[in-house]
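In the UniProt record's numbering, the protein residues as written are 1 to 186. All C-beta atoms in this analysis are idealised placements derived from N, C-alpha and C, irrespective of residue type, glycine included.
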């Protein structure tokens, strides 16, 4: 049985419980549904590359880091999985040769987790497949300009929610989306 579309859910809310259909509720409902769709379409791509979400995030975090190395604590913070889960994942990645442990000259009590060339090649190939998948998800749904505007709005909201630094979007004001075009600053 197919799930009701987000439009159907919102129409029922509008008809039967309009006070519940706030702008924030619309965003959260949309975020949940988008997450479900992306996860359902991305997990098979990751599985084809022998990775889980956490494994993918871990290798991406290492690949994005200067020197391609981090401490286990830094990785744990970047990926947000349990320390036990991170330990198990790192052991698996060591066994297949995606990472090695390197001495930390600044702290003899800890060792770096360093991405190997094999690990870098693997995550780069996986990322290319995920990027193709991401394009397929949004193909014919939104233009690149609309996707960039949506990404900017999400970045701004998340940055504010997480208490982080905001970029130039903060000074340019909130984003207003039009159904037929890209976003306008208001």
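Problem - Range of the contiguous beta strand (DSSP E) that encloses residue 103 - result: 99 to 103
Practice task
Could you check if residue 81 is buried or exposed, using at least 16 other CB atoms within 10 Å of its CB as the buried criterion?
Solution key: buried
Practice task
Please go through the same chain and pick out, in chain order, the residues whose beta-carbon is closer than 6 Å to the beta-carbon of residue 170, but skip the five residues on each side of it.
Solution key: Below a pLDDT of 50, predicted positions are generally treated as unreliable, and residue 170, at 48, falls in that range; the measurement from the model is reported next regardless. Answer for residue 170: no residue qualifies.
Practice task
Please say whether residue 68 and residue 267 have beta carbons closer to each other than 8 Å?
Solution key: Outside the shown range of the chain (1 to 186) lies residue 267, about which nothing can therefore be said.
Handout entry: Burial state of residue 149, where buried means 16 or more other Cβ atoms lie within 10 Å
Key = buried
Problem - Other residues of its chain near residue 70: CB distance less than 8 Å, five sequence neighbours each side excluded - result: 61, 62, 78, 112, 113
Exercise for the section: Leaving out five residues on either side along the sequence, give the residues of the same chain with a beta carbon under 8 Å from the beta carbon of residue 10. Expected result: 21, 26, 29
Practice task
Can you give me the start and stop residues for the alpha helix (DSSP H) that residue 27 sits inside?
Solution key: 23 to 48
Handout entry: Close-in-space but distant-in-sequence residues of the same chain around residue 13 (CB under 6 Å, 5 per side omitted)
Key = 20, 21
Exercise for the section: Kindly list the residues whose CB is nearer than 8 Å to the CB of residue 116, restricted to its own chain and excluding five residues on each side of it in sequence; keep chain order. Expected result: 97, 98, 99, 100
Practice task
Using 10 angstroms around the beta-carbon of residue 87, count the other beta-carbons present and answer buried if the total reaches 16, otherwise exposed.
Solution key: exposed
Exercise for the section: Return the Cβ separation of residue 42 and residue 130 in integer angstroms, given the expectation that the two are a contact with Cβ distance under 8 Å. Expected result: 6 Å
Practice task
Write down every uninterrupted run of the alpha helix (DSSP H) in the stretch 108 to 152 whose length is 4 residues or greater and which is fully enclosed by it, in chain order.
Solution key: 117 to 138
Exercise for the section: Answer with buried or exposed for residue 55, where buried requires no fewer than 16 other C-beta atoms within 10 angstroms of its C-beta. Expected result: buried
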